[in-house]
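If you read the sequences in order, they're chains A and B. So for the first sequence, the working numbering puts the first residue at 54; every next one is plus one. So for the second sequence, the working numbering puts the first residue at 54; every next one is plus one. For each residue, glycine too, the CB sits at the ideal point set by N, CA and C. Predicted model, so just to flag it, every value in this text is computed and none were measured. Working notes, beginning with the structure itself.
Protein chains: 2
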Amino acid sequence: MPSPVQGFRFSAVSAGIRKDGRVDLALAVADRPVIAAGRVTRNLVKAAPIVLASERLKQGLVRGVLVNSGCANACTGEPGLEAARRATSAVSRVLGADDTEIIPASTGVIGALLPAEKIEARVSELVLKLSPTSIDDFALAICTTDRWPKVAYATIETPKGKASLLGIAKGAGMIHPNLGPPQATMLCFLFTDAIIERPELEGTLMEGVDHTFNTCSVDGDTSTNDLVLALASGASGVVAHAEELLPAIENVCGTLARSMVRDGEGAEHAVDIVVRGLPTNDDARRIAQTIATSMLVKTALFGKDANWGRLLAAAGRAGVVFDPNASGVSIAGVEIARGGLAVGSEAEAEAQRRMADETYTIELVLGDGPGRALCVTSDLGHRYIDVNAGYRS
Amino acid sequence: MPSPVQGFRFSAVSAGIRKDGRVDLALAVADRPVIAAGRVTRNLVKAAPIVLASERLKQGLVRGVLVNSGCANACTGEPGLEAARRATSAVSRVLGADDTEIIPASTGVIGALLPAEKIEARVSELVLKLSPTSIDDFALAICTTDRWPKVAYATIETPKGKASLLGIAKGAGMIHPNLGPPQATMLCFLFTDAIIERPELEGTLMEGVDHTFNTCSVDGDTSTNDLVLALASGASGVVAHAEELLPAIENVCGTLARSMVRDGEGAEHAVDIVVRGLPTNDDARRIAQTIATSMLVKTALFGKDANWGRLLAAAGRAGVVFDPNASGVSIAGVEIARGGLAVGSEAEAEAQRRMADETYTIELVLGDGPGRALCVTSDLGHRYIDVNAGYRS
Chain A
54 MPSPVQGFRF
64 SAVSAGIRKD
74 GRVDLALAVA
84 DRPVIAAGRV
94 TRNLVKAAPI
104 VLASERLKQG
114 LVRGVLVNSG
124 CANACTGEPG
134 LEAARRATSA
144 VSRVLGADDT
154 EIIPASTGVI
164 GALLPAEKIE
174 ARVSELVLKL
184 SPTSIDDFAL
194 AICTTDRWPK
204 VAYATIETPK
214 GKASLLGIAK
224 GAGMIHPNLG
234 PPQATMLCFL
244 FTDAIIERPE
254 LEGTLMEGVD
264 HTFNTCSVDG
274 DTSTNDLVLA
284 LASGASGVVA
294 HAEELLPAIE
304 NVCGTLARSM
314 VRDGEGAEHA
324 VDIVVRGLPT
334 NDDARRIAQT
344 IATSMLVKTA
354 LFGKDANWGR
364 LLAAAGRAGV
374 VFDPNASGVS
384 IAGVEIARGG
394 LAVGSEAEAE
404 AQRRMADETY
414 TIELVLGDGP
424 GRALCVTSDL
434 GHRYIDVNAG
444 YRS
Chain B
54 MPSPVQGFRF
64 SAVSAGIRKD
74 GRVDLALAVA
84 DRPVIAAGRV
94 TRNLVKAAPI
104 VLASERLKQG
114 LVRGVLVNSG
124 CANACTGEPG
134 LEAARRATSA
144 VSRVLGADDT
154 EIIPASTGVI
164 GALLPAEKIE
174 ARVSELVLKL
184 SPTSIDDFAL
194 AICTTDRWPK
204 VAYATIETPK
214 GKASLLGIAK
224 GAGMIHPNLG
234 PPQATMLCFL
244 FTDAIIERPE
254 LEGTLMEGVD
264 HTFNTCSVDG
274 DTSTNDLVLA
284 LASGASGVVA
294 HAEELLPAIE
304 NVCGTLARSM
314 VRDGEGAEHA
324 VDIVVRGLPT
334 NDDARRIAQT
344 IATSMLVKTA
354 LFGKDANWGR
364 LLAAAGRAGV
374 VFDPNASGVS
384 IAGVEIARGG
394 LAVGSEAEAE
404 AQRRMADETY
414 TIELVLGDGP
424 GRALCVTSDL
434 GHRYIDVNAG
444 YRS
């Protein structure tokens, strides 16, 4: 496979950080220092790699990103920062880069210290294996409870030619991204070969993330380690602007976000919750998020129960004013409540049948205002319990 | 058994509202119109009985309360209001009371209309069976997914003698009470034979509820039908004031709230989440509630996993500022994190052993401020899924 994005190389090894021996250490490197933008978790409790990533992203030029699974290196204090510094320094030494040009990212158990010595021991091999085409290796190494690796591509169309955008992401739990200026333990790495000014990359990333990752929820738990990072190599020679980049970022991040929810821990469905008719988009978003994180709604999705009462009850506790008696609810295209009342048992039975689908849309119309919002959520079933109740998943 | 509280009678019948034929219709009546105070759900979507209860409680004098399980009569519009009016009118006719002196309350499926005709058909029998001692019948009839009925007593001690307080409540899902001035589908009925002025009953009820029901959560879903109602018959002849009534209300409501969480749908544990060291009680409460409703925390409680990283991660997303590096965590009396770092694997193993207990306390010390809060929560396990994913539980 030829590299779909110029100016970057990828590799992955097993460094023994995970107990199961799977690949758990990934590196992506640009051929030279490149423009970078990132967003990190808004959780007050920030993992050591997030603290370092925030600092290092301020300088704007980045050479690469070193990512491990199996250990979040969160709640590890100064020893955690030191371990993350040692790990990235080992990479920058071999590459001949500045220490601060390597961005660290970690995902896994909270409270365990990153084993820097295991990483140091494998850095030479990691750099030796770098290749423009080892994208799937990288994607696999950053997975934790994910059932599949998450990779997406888009083309950036400009008047003067085309450039490429590659996105690599991981889920699958503690997914309720709330990404601030430089936020996920979703991790998402975007690589483009377009030539872009840093403020445009920053702004576009922020807007794209708000429209995609920040609208999805698996469990309502915002991680200590969330990170979205975008690197622009410029190696295509094609200059791109925000209006050209944004559709590509929304395309790639939208695909990855939906894949992440569909792969939410133990999930069988990814359901779009659409709320409209409110005075403002913010009002609609508060309701969509309250529904998307309601345990009673999520268990009903698992049970394929067209329980519209739970939907309206969740909407009613969101702290937003609307008229319940003017509310309509559709599930998978079937209108089951109108004017706040049940449409009938036939409609409900049909909706119920359609809830067997992997993906479908639930729409609440709560007035005639212009405000609308989308939130993508997963169902809550037995496998979520199994994944998360086991000792230290 | 002699009646523990003078001036009230109770009864229950099976009216066929529930599909399983269990007792599902309960009545409590005072010998004459009595002082009443209530709080109803703050959910914007209010069930028909809640709308009527709010109106009727404004007049201050109440004769009784008619409660059904099996049907919430929520999202049923004007027909729902009419059905609730018909049901209570049937009772007031037989009792010779004013129509508005009977407070309706319902719990069960949302979106289904209350079958008023089934209730009308059983009202005569319901009134005939009224007895001062049929408290357990009443308690059983208002249960839905509850595994046990919930009844508690306290004595009100005054300088001039003693009066009694009886509380009857039900859980067990959609439990995240947020009870406003006249709010629960927890339902709680308090009966006292003390003589109390209405403003004192109102104020004491509000404070007592805030300290008990409003600090507990099973699933984070605030119901459309929550109601706490207090009736004071005065039949003991003993005058009570707020300072004498409050300890009794906190005792009874505290016992009922804890029983409700312990009986949370499918729950195996009731865990006290104590948060202290914040600048204000409100700050502490926001963090305690975020932890108490975190799916990752609740699955860890089910898994008996001393996963303090999930506790700190939930605290960190509560929107309250604290220093993670000065944070301490104890589980069931075992300190497992200090200064933001793990204490060690022995402490964790001991905490883990103690998490097998039905009830225990998790304490987070997040600074040296005076603010503290308690939130009682349940674990999230397979039985919660079973209870809620089944068709229209």
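Span of the beta strand (DSSP E) around residue i
i	result
Cys-124 (chain A)	No beta strand (DSSP E) holds Cys-124 (chain A); DSSP gives it neither H nor E.
Asp-77 (chain A)	Premise fails: Asp-77 (chain A) is in no beta strand (DSSP E) and is neither H nor E.
Arg-175 (chain A)	Counting along the chain, Arg-175 (chain A) falls outside any beta strand (DSSP E), though it belongs to the alpha helix (DSSP H) covering 169-181.
Asp-325 (chain A)	323-331
Thr-15 (chain B)	Outside the displayed span of chain B (54 to 446) sits residue 15 (chain B), for which this structure offers no information.
Cβ-based neighbour list, residue i, same chain, cut-off 6 Å, excluding 5 preceding and 5 following
i	result
Thr-480 (chain B)	With chain B represented from 54 up to 446, any question about residue 480 (chain B) goes unanswered, as that position is not in the structure.
Ala-341 (chain A)	Ile-326, Val-328, Ala-426, Cys-428
Thr-333 (chain B)	Gly-424
Gln-236 (chain A)	Below a pLDDT of 50, predicted positions are generally treated as unreliable, and Gln-236 (chain A), at 30, falls in that range; no measurement from the model is reported.
Asp-358 (chain A)	none
Ala-293 (chain A)	Ile-209, Thr-211, Ala-216, Ala-247, Ile-249
Met-408 (chain A)	Lys-357
Asp-190 (chain B)	Ala-65
Ala-205 (chain B)	Gly-220, Val-305, Thr-308, Leu-309
Ala-90 (chain A)	Leu-254, Glu-255, Leu-258, Ala-283
Ala-367 (chain B)	Thr-343, Ile-344, Ser-347, Val-350
Lys-223 (chain B)	Ile-195, Cys-196, Asp-199, Leu-240
Cβ-Cβ distance between residue i and residue j below 9 Å
i	j	result
Glu-388 (chain B)	Val-328 (chain B)	no
Thr-160 (chain A)	Arg-109 (chain A)	no
Arg-436 (chain A)	Asp-316 (chain A)	no
Asp-421 (chain A)	Gly-330 (chain A)	yes
Cys-306 (chain B)	Trp-361 (chain A)	no
Val-98 (chain A)	Val-144 (chain A)	no
Ile-123 (chain B)	Thr-197 (chain B)	Inspection of the sequence shows that residue 123 (chain B) is occupied by Gly rather than by Ile. For Gly-123 (chain B) and Thr-197 (chain B), yes; Cβs fall inside 9 Å.
Arg-139 (chain A)	Ala-174 (chain A)	no
Leu-298 (chain B)	Ile-249 (chain B)	yes
Leu-243 (chain B)	Ala-283 (chain B)	yes
Pro-346 (chain A)	Ala-285 (chain A)	According to the sequence displayed, residue 346 (chain A) carries Thr and not Pro. No.
Leu-254 (chain A)	Val-58 (chain A)	no
Lys-171 (chain B)	Gly-287 (chain B)	no
Lys-213 (chain A)	Val-87 (chain A)	no
Alpha helix (DSSP H) segment containing residue i, residue limits
i	result
Ser-312 (chain B)	295-315
Ala-68 (chain B)	Counting along the chain, Ala-68 (chain B) falls outside any alpha helix (DSSP H), and DSSP gives it neither H nor E.
Gly-133 (chain B)	130-148
Ile-163 (chain A)	Unbroken run through Ile-163 (chain A): none, as it is neither H nor E.
Glu-255 (chain B)	251-264
Ile-188 (chain A)	188-194
Ile-438 (chain A)	435-442
In DSSP terms, what residue i is bridged to
i	result
Ser-107 (chain B)	Paired residues: none, contrary to the question.
Ala-83 (chain B)	B:Phe-61
Tyr-206 (chain A)	A:Leu-219
Ala-89 (chain A)	A:Leu-284
Thr-277 (chain A)	Answer by DSSP bridge pairing: none, since Thr-277 (chain A) is not bridged.
Ile-156 (chain A)	A:Val-118
Val-292 (chain A)	A:Ile-248
Val-429 (chain A)	A:Cys-269, A:Asp-325
Ser-184 (chain A)	A:Phe-63
Cut-off 7 Å between Cβ atoms - residues of its own chain near residue i, not counting five sequence neighbours on either side
i	result
Gly-434 (chain A)	Gly-319, Glu-321, Phe-355
Asn-304 (chain B)	Ala-207
Val-76 (chain B)	Ala-65, Val-66, Ser-67, Asp-190, Leu-193, Ala-194
Ser-184 (chain B)	Arg-62, Phe-63, Ser-64
Asp-336 (chain B)	Val-373, Gly-424
Asp-439 (chain A)	Gly-319
Asp-410 (chain A)	Ala-385
Cβ shell of residue i (< 8 Å), same chain only, five flanking positions each side left out
i	result
Asp-432 (chain A)	Ala-320, Glu-321, His-322, Val-324, Lys-351, Thr-352, Leu-354, Phe-355
Leu-166 (chain B)	Cys-124, Asn-126, Thr-129, Pro-132, Gly-133, Ala-136
Any chain D beta carbon closer than 9 Å to residue i
i	result
Tyr-437 (chain B)	No chain D appears in this structure, whose protein chains are A and B.
Next on the checklist: Report the start-end ranges of each beta strand (DSSP E) in the region 345-427 of chain A that is 3 residues or longer and not cut off at the edges.
Outcome noted: 381-384, 387-391, 412-418
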